[in-house]
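Enquirer: Structure incoming, see below.
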Amino acid sequence: MTDYRFLKACNREPVDATPIWLMRQAGRYMEEYRTLRQTYGILDIIKTPELALEVTMQPINAFDLDAAIIFADILPPLEGMGLDLEFIKGTGPVIHNPVRTPADVEKLATPDAREALSFTLEAIRLTRAELDKRQIPLIGFSGAPFTLASYAIEGGPSKNKVHLKSMMYNEPDAWDKLMTKFATIAGDYLLAQAEAGAQALQLFDSWVGELNPDDYRQYVQPYSKQALDMAKEAGVPLIHFGTNTNGMLEEIRDAGGDVIGVDWRIDIDVAAQRLGDGVAVQGNLDPVALHAPWDELKARTKKILDRMDGHDGHIFNLGHGILPTTPVDNVKRLVDFVHDYTS
Numbered sequence: 013m014t015d016y017r018f019l020k021a022c023n024r025e026p027v028d029a030t031p032i033w034l035m036r037q038a039g040r041y042m043e044e045y046r047t048l049r050q051t052y053g054i055l056d057i058i059k060t061p062e063l064a065l066e067v068t069m070q071p072i073n074a075f076d077l078d079a080a081i082i083f084a085d086i087l088p089p090l091e092g093m094g095l096d097l098e099f100i101k102g103t104g105p106v107i108h109n110p111v112r113t114p115a116d117v118e119k120l121a122t123p124d125a126r127e128a129l130s131f132t133l134e135a136i137r138l139t140r141a142e143l144d145k146r147q148i149p150l151i152g153f154s155g156a157p158f159t160l161a162s163y164a165i166e167g168g169p170s171k172n173k174v175h176l177k178s179m180m181y182n183e184p185d186a187w188d189k190l191m192t193k194f195a196t197i198a199g200d201y202l203l204a205q206a207e208a209g210a211q212a213l214q215l216f217d218s219w220v221g222e223l224n225p226d227d228y229r230q231y232v233q234p235y236s237k238q239a240l241d242m243a244k245e246a247g248v249p250l251i252h253f254g255t256n257t258n259g260m261l262e263e264i265r266d267a268g269g270d271v272i273g274v275d276w277r278i279d280i281d282v283a284a285q286r287l288g289d290g291v292a293v294q295g296n297l298d299p300v301a302l303h304a305p306w307d308e309l310k311a312r313t314k315k316i317l318d319r320m321d322g323h324d325g326h327i328f329n330l331g332h333g334i335l336p337t338t339p340v341d342n343v344k345r346l347v348d349f350v351h352d353y354t355s
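Mind the numbering: the sequence shown is residues 13 to 355 in the working numbering, read in order.
Shown next, in the form of structure tokens:
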């Protein structure tokens, strides 16, 4: 169905109000989610389709959002490749056998997503059945090749990416093999999610802003393009999102995507002008603004909406994921204000 407000905006078609969804809209800021996490670990929820369905629907039940995004994580695809993933409280994701040498790259498998990630695909099927009753579309997603490589090589979050960039600069053949494998994994996973029922797909490149534009063009862009070209076969809108990418917005656009996500470090109308008329734009409220008093949050939201007034294809979102300490009431007021102000 293509007349959903969110999907119409993805295709730069006129809408009756600006659509809104929020990255990490299902998560720790919601009491329902925190209650569930007292019993289940994050990987337990992701790998149990009925629980992933429940968490995906929590923000849909609470707010008038224009899209749901399946509850998953960008890192489980690494497990099927042979990496040992653990989420450690207070630390976050840890890869216990990081990829550091050409031999490590050779060992990595590229399994079919339909087998290695069948739990998320089943969660998509279950969630799509529920969302269809409410006329709300479902977004699937994958980590981009560079961001997957960041975790795989560094072994977890990393500030300077020393191990990653060292392989990139010193082992070009190994880097090409690694990124080709990640592009294949990401593209196949996105395609499988669309086959399972996802009506739009987002490629998250959370760490790519650590690069300069020349490095992006040489070491990353071809592989992001490969993944997005594979996903394009699904025939659903593709969203391409990265943080700290204002120095390479045009390069991000040229790698692919019908919608380009931008963070809060640039005025959204400036980003839209640079990106041109061929893509929709998603963004770009600072997630911390949701902690502000309502009058301040409303003023910041209004400014974004005014900057995009008359621009076909704007999807309101945060410039990154919603934070665990976000006041729930501000989320509800934000969603309602975006709709009321632009309708």
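Don't be surprised by glycine CBs; every beta carbon is placed ideally from N, CA and C. Note that the structure is predicted; figures quoted are calculated from it, not measured.
#1: Leaving aside the five residues before and after L133 along the sequence, list all residues of the same chain whose C-beta is less than 7 Å from its C-beta, in chain order.
#2: Can you tell me whether S154 is helix, strand or coil according to DSSP?
#3: Between which two residues does the beta strand (DSSP E) harbouring N73 extend?
#4: Assuming G295 and N258 make a contact with CB atoms under 8 Å, what is their CB distance in whole Å?
#5: Contact defined as beta carbons within less than 8 Å: I believe Y41 pairs with P336. What is the distance between those atoms, to the nearest angstrom?
#6: Quick one: is W306 buried, meaning 16 or more other Cβ sit within 10 Å of its Cβ, or exposed?
#7: If you run the structure through DSSP and keep just helix, strand and coil, what is A212?
#8: Hey, how far is the Cα of T313 from the Cα of R286?
#9: Which term fits A141, buried or exposed, when burial requires 16 or more other beta carbons within 10 angstroms of its beta carbon?
#10: Measure the beta-carbon distance from P249 to C22 and round it to whole angstroms, keeping in mind my assumption that it falls under 8 Å.
#11: So, at 7 Å on beta carbons, what are the nonlocal neighbours of M13 in its own chain, with the 5 sequence-adjacent residues on each side left out?
#12: Taking V362 as the reference, give the member of H252, L34, Y16 with the closest Cα.
#13: Is it right to say R46 is buried, meaning 16 or more other beta carbons lie within 10 angstroms of its own, or is it exposed?
#14: Please report the straight-line C-alpha distance between A121 and L87, rounded to a whole angstrom.
#15: Closest by CA to D321, which one among V27, M191, R17, Q211?
#16: Since F216 contacts T139 with CB under 8 Å, what's their CB separation in whole angstroms?
#17: Nearest to R49 by CA position, among E62, V67, D275, is which residue?
#18: On the three-state DSSP scale, how would you describe G331?
#19: Quickly, what does DSSP pair P105 with across the bridge? List them, please.
#20: I264: which of Y231, F131, S355 sits nearest, CA to CA?
#21: My output table needs one value for F83: the three-state DSSP class, helix, strand or coil.
#22: Skipping 5 residues on each side, what residues in its chain have a beta carbon closer than 6 Å to that of P123?
#23: Just verifying my parser: in three-state terms, what is the DSSP assignment at D217?
Expert: Inspection of the coordinates gives the following:
#1: Closer than 7 Å at Cβ, skipping near neighbours: R126, A204, Q205, A208.
#2: Annotated three-state conformation of S154 is strand, per DSSP.
#3: From DSSP, N73 is part of no beta strand (DSSP E) but of the alpha helix (DSSP H) over 61-74.
#4: Incorrect: roughly 11 Å between the Cβ atoms, too far for contact.
#5: Between P336 and Y41 the Cβ distance is about 5 Å, and since that is below 8 Å, they are a contact.
#6: Per the 10 Å Cβ criterion, exposed.
#7: Annotated three-state conformation of A212 is strand, per DSSP.
#8: Between the alpha carbons of T313 and R286 lies a gap of roughly 21 Å.
#9: The Cβ neighbour count for A141, taken over all protein chains shown within 10 Å, is under 16; the residue is labelled exposed.
#10: 4 Å between Cβ atoms; contact.
#11: Unreliable positioning characterises M13 in this predicted model, as indicated by a pLDDT of 47, which lies under 50. A coordinate reading is not provided.
#12: The displayed coordinates of the chain run from 13 to 355. Any statement about residue 362 would go beyond what the structure contains.
#13: Counting Cβ neighbours within 10 Å, R46 comes out exposed, since fewer than 16 surround it.
#14: Looking at the two C-alpha atoms, the distance is approximately 15 Å.
#15: Of the listed residues, the one whose Cα sits closest to D321 is V27.
#16: About 19 Å separates the beta carbon of F216 from that of T139, a gap too long to meet the 8 Å contact definition.
#17: Of the residues E62, V67, D275, the one whose Cα lies closest to the Cα of R49 is V67.
#18: Residue state, collapsed to three classes: coil.
#19: By DSSP's assignment, P105 forms a beta bridge with F99.
#20: Nearest of Y231, F131, S355 to I264, Cα basis: Y231.
#21: In the structure shown, F83 sits in coil (DSSP, three-state: anything other than H, G, I, E or B).
#22: So the list reads G92, once near-sequence residues are dropped.
#23: D217: strand per DSSP, three-state reduction.
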